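*Asks:* Respectively, the protein sequence lines represent chains A and B. Letter 37 of the first sequence, counting from 1, is numbered 37 in the numbering used here, and no numbers are missing. Basically the numbering used here = 1-based index in the second sequence + 100. Got a structure for you, written out below as structure tokens; questions coming shortly.
Number of protein chains: 2
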Amino acid sequence: MSQLETAMAILLKTFDKYSGAEGNKDTLSKAELKTMIEKELPSLLKASKNPEDCDKLMKALDHNGDSEVDFNEFIVLVSALTCACHNRCPKK
Amino acid sequence: MSQLETAMAILLKTFDKYSGAEGNKDTLSKAELKTMIEKELPSLLKASKNPEDCDKLMKALDHNGDSEVDFNEFIVLVSALTCACHNRCPKK
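Written out as structure tokens, the structure is:
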């Protein structure tokens, strides 16, 4: 498997790991999203310092208001974070 | 580093690996994009069978017509492919 295919597989695996915890296996509930951020993006949570930021993020991602985040919405988050990181540190 | 942070780092590293080959280091030229697809997504290239598909993809990604694909446009491609893969094989 190539580097890029590996990254894509990790994204799928990471989503499935948390979405499978409870309820609909194909979506992240609010609790699942919170666990995912706590476990996978601890530095993001640390940087925000405001406990309400996590709730804001959930509301921003949950377009239809059913308190569930699907894989497409999850990818939007990952893309935005990766782009932000790339802009912050464009050159080594 | 968490699984998700690892995937994000691989995406950045993969882009930089190919974008740094020639010209602007922050974008993929047509030649660099082609090399990236050949090396990183050989199964995609194999599945398409039509040699023109690669050119079509370049045109679709190259919004401003300067024959360069930036990191944001690269992420759009990766997101679309990962989502497509997820829909194709939603459950193990």
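Each residue gets a CB set at the ideal place from its N, CA and C atoms; glycine is no exception. These figures come from a predicted structure and were not determined experimentally.
To test your reading of the DSSP string, which unbroken beta strand (DSSP E) runs of 3 or more residues are found completely within the stretch 57–82 of chain A?
*Replies:* Within the stretch 57–82 of chain A, the complete beta strand (DSSP E) runs of at least 3 residues are 68–70.
*Asks:* Evaluate C189 of chain B with the Cβ neighbour count: other Cβ atoms within 10 Å of its Cβ, from every protein chain shown; 16 or more gives buried, anything less gives exposed.
*Replies:* Because the pLDDT at C189 of chain B is just 45, under 50, the model does not fix this residue reliably, and the value given afterwards should be weighed accordingly. It counts as exposed.
*Asks:* Suppose only complete runs of 3+ residues qualify. What are the beta strand (DSSP E) ranges in the stretch 15–63 of chain A, listed by chain order?
*Replies:* Qualifying beta strand (DSSP E) stretches, in chain order: 27–29.
*Asks:* Express the C-alpha separation of K149 of chain B and L81 of chain A in angstroms, rounding to a whole number.
*Replies:* Going by the C-alpha atoms only, they are around 34 Å apart.
*Asks:* Any contact of the stretch 18–36 of chain A with the stretch 117–131 of chain B, i.e. 3+ C-beta pairs under 8 Å?
*Replies:* No, they do not touch.
*Asks:* In three-state terms, what does DSSP make of M1 of chain A?
*Replies:* Residue state, collapsed to three classes: coil.
*Asks:* Going along chain B, which residues have a C-beta under 8 Å from V69 of chain A?
*Replies:* Near V69 of chain A there are no residues of chain B at all, since even the closest Cβ is about 13 Å away, more than 8 Å.
*Asks:* Looking at C-beta atoms only, is the number of pairs between the stretch 138–157 of chain B and the stretch 56–68 of chain A that lie closer than 8 Å three or more?
*Replies:* Contact fails: fewer than three Cβ-Cβ distances are below 8 Å.
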